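Under this note's numbering, the letters of the sequence shown match residues 16 to 191, in that order. Written below as structure tokens is the structure these notes are about.
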Amino acid sequence: MKLFRRTPRVPSAHRPALDPGERVLAWAFADPGDRVVVATNRGLWRPGHADRLGWHDVHKAVWSGRELTITPAQRVIEREAYVVVADAPAESFLLLDPGDVPEQVRARVTRSVAYTSHHALDQGGVRVVARRVPGVDGLTWTARYDPGTPTDDPGVVERIDALVATARSATTSAPI
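This is the structure we're talking about:
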């Protein structure tokens with residue numbers, strides 16, 4: 016019965032330095048070697064990284080049935096009301112006994128997304144996204160350009176500024 020099943024403790028040699036209030040939801044050994052992937056209520060601890068990747072910073076997550084592939088969002092430039100992001104290099108982890116890690120990753124990344132909309136532009140397109148970030152009041156807004164979209168064209172920047180402003184207005188004035 017899953018209702019009464021507790022997540023086994025992460026071996027002490029692999030337990031990340033959790034923040035106060037952070038708790039382990041699932042973990043799994045990643046092959047090859049003695050590496051561990053740990054999903055917490057605040058993000059994902061990955062082998063080879065000293066810090067946690069927040070759920071709001073996971074751009075894509077794909078589970079193949081054996082391999083978890085994470086594509087972090089990389090901050091490109093901060094604008095007045097949002098941050099422009101791009102895909103950082105994807106990382107893959109072979110999880111032979113994944114436990115609840117894939118389900119937790121999917122649930123947490125999905126839960127962090129409060130708003131998403133894709134917009135075609137004259138040249139290319141942009142995805143506008145609002146994410147929930149633990150410890151931050153309100154939503155954090157990002158824009159991700161499609162490949163081939165001119166990133167420094169003043170007209171494109173102005174259009175994206177307007178798209179983000181419209182989305183922000185629509186989400187803050189929506190009835191509860």
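Just so you know, even glycine gets a beta-carbon here, dropped at the ideal spot from N, CA and C. Quick caveat, the model's predicted, so the values are computed rather than measured.
Check, Outcome
"Residue range of the alpha helix (DSSP H) that residue 117 falls in?", "116-127"
"With a 10 Å radius around its C-beta and 16 neighbouring C-beta atoms as the bar for buried, classify residue 36 as buried or exposed.", "exposed"
"Which word fits residue 127, buried or exposed, when buried means at least 16 other C-beta atoms lie within 10 angstroms of its C-beta?", "buried"
"Can you tell me which of 98, 93, 111, 75 puts its alpha carbon nearest to the alpha carbon of residue 42?", "111"
"To which residues of the same chain is residue 107 closer than 6 Å at the C-beta, ignoring the five residues directly before and after it?", "82, 84"
"Who are residue 69's beta bridge partners in DSSP?", "58"
"Comparing C-alpha positions only, which one of 119, 152, 164 sits nearest to residue 141?", "164"
"Quick one: measure Cβ to Cβ for residue 120 and residue 54, integer angstroms, because I've assumed they're closer than 8 Å.", "6 Å"
"Using the C-alpha atoms, what's the distance from residue 95 back to residue 138?", "23 Å"
"Please state whether the Cβ-Cβ distance between residue 70 and residue 143 is less than 8 Å.", "no"
"Just to confirm, is the Cβ distance from residue 89 to residue 76 under 8 Å?", "no"
"As a quick exercise: from 87, 151, 29, 92, pick the residue whose alpha carbon is nearest that of residue 48.", "29"
"Please report the distance separating the alpha-carbon of residue 158 from that of residue 152.", "19 Å"
"Which stretch, first to last residue, makes up the beta strand (DSSP E) that contains residue 157?", "154-160"
"On the DSSP bridge assignment, give the partners of residue 86 in chain order.", "75"
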